[in-house]
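Asker: Encoded as structure tokens, here's the structure I'll be asking about.
In my numbering, the protein residues as written are 63 to 375.
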């Protein structure tokens, strides 16, 4: 018999474009969540606590119906309890409450992240001047056009929109391509800042911690992209340009700022990859304060009340 041909299992369906061979999907908004259906007049609607009813006297064990009455001892007290138990009606059923499983607060739960990014759509159509260069040690991006000659107003927001991808090769291409453009963009990056806010906010709103870590690293690279090495006082215009958009970026950081690994006396071996959420958020806020100008700290403090200034007065 010949070999049996097995169809490829689709982990997550792609965009359904004219160049896509997978099945179309139902499009949804990234970062969307289901509306609350609980009765707003009840306490659990806002506190997420279990509603407790008032206990009645009939819900408790009555005299002579406990373990001693069922197994009377050879004493007069035991005989009296046994006789009393015959005249007392059976008690109410005892309810056994099981411990509820600990669940994450709704604010930190992962939200919808559909694969309908602009980056994926443009890449599938062949409109992006990139391809994967398979090297011996690690892969890298091979650019078909010099990065300095690209239209950053067109391409940079597309690459930022791909930061919320969770599938390969889109994840690798979007992240590495964004870092390459920020490294070689120079003065072309500053005018594009307003177009980058919506992709950043959309990626953060997915509440996916792997996506948030990726966005924070790119955000740090974006702030430092116009800072002269060895002269931090020179440049920093991108950090100042981000100040008006703190209301779109910082609320999500305020939610995850205390998400840290508590290993006790253990060793966190992932420190070399800088994937600790709380540390990354604090580092990003410090960079925003350092390069955001005079009004940076007061705006950060308004949206992230637990943030402490790292600038020496």
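All C-beta atoms in this analysis are idealised placements derived from N, C-alpha and C, irrespective of residue type, glycine included.
Among residues of its own chain, excluding the 5 on either side of residue 265, which ones have a beta-carbon nearer than 7 Å to its beta-carbon?
Answerer: Locating residue 265 in the chain shown gives position 203, where the first residue counts as 1. 225, 226, 273, 277, listed in sequence order.
Asker: For residue 195, name the three-state secondary structure that DSSP assigns.
Answerer: Within the chain shown, numbered from 1, the residue matching residue 195 stands at position 133. Note: residue 195 maps to strand in three-state DSSP.
Asker: Our contact map puts residue 239 next to residue 192 with C-beta atoms below 8 Å; I'd like the distance itself, whole angstroms only.
Answerer: Position 177 of the chain shown, counted from the start, is the residue given in the question as residue 239. Position 130 of the chain shown, counted from the start, is the residue given in the question as residue 192. So it is a contact: roughly 6 Å between Cβ atoms.
Asker: Less than 7 Å between the C-beta atoms of residue 247 and residue 173, yes or no?
Answerer: To locate residue 247, count along the chain shown from 1; it is residue 185. To locate residue 173, count along the chain shown from 1; it is residue 111. Going by C-beta atoms, residue 247 is not nearer than 7 Å to residue 173.
Asker: Does the pairing of the segment 202 to 214 with the segment 301 to 315 give three or more beta-carbon distances under 8 Å?
Answerer: The segment 202 to 214, when compared against the segment 301 to 315, does not touch it at the 8 Å Cβ threshold.
Asker: Can you tell me which of the three DSSP states residue 369 falls into?
Answerer: Position 307 of the chain shown, counting from 1, holds the residue named residue 369. The answer is coil: DSSP assigns residue 369 none of H, G, I, E or B.
Asker: Looking only at its own chain, which residues have a Cβ that is under 7 Å from the Cβ of residue 210, when we skip the five neighbours before and after it?
Answerer: What you label residue 210 is simply residue 148 of the chain shown in a count that begins at 1. Only 246 meet the Cβ criterion.
Asker: Which residue comes first and which comes last in the beta strand (DSSP E) that contains residue 203?
Answerer: Walking along the chain shown from the start, residue 203 turns up at place 141. Segment 202 to 205, the beta strand (DSSP E) holding residue 203.
Asker: For a quick check, are the C-beta atoms of residue 359 and residue 348 less than 7 Å apart?
Answerer: As a position in the chain shown, residue 359 is number 297, starting the count at 1. As a position in the chain shown, residue 348 is number 286, starting the count at 1. No, the Cβ-Cβ distance between residue 359 and residue 348 is not below 7 Å.
Asker: Tell me the residue span of the alpha helix (DSSP H) that contains residue 245.
Answerer: Indexing the chain shown from 1 puts residue 245 at position 183. Element bounds for residue 245: 232 to 246.
Asker: So residue 282 and residue 346 are supposed to be a Cβ contact under 8 Å. How far apart are they, rounded?
Answerer: Counted from its first residue, the chain shown places residue 282 at position 220. Counted from its first residue, the chain shown places residue 346 at position 284. That belief holds up - the Cβ atoms of residue 282 and residue 346 are roughly 6 Å apart, short of 8 Å.
Asker: As a quick exercise: from 357, 232, 177, 171, pick the residue whose alpha carbon is nearest that of residue 188.
Answerer: For this step, residue 188 is matched to residue 126 along the chain shown. Among 357, 232, 177, 171, the Cα nearest to that of residue 188 is on 232.
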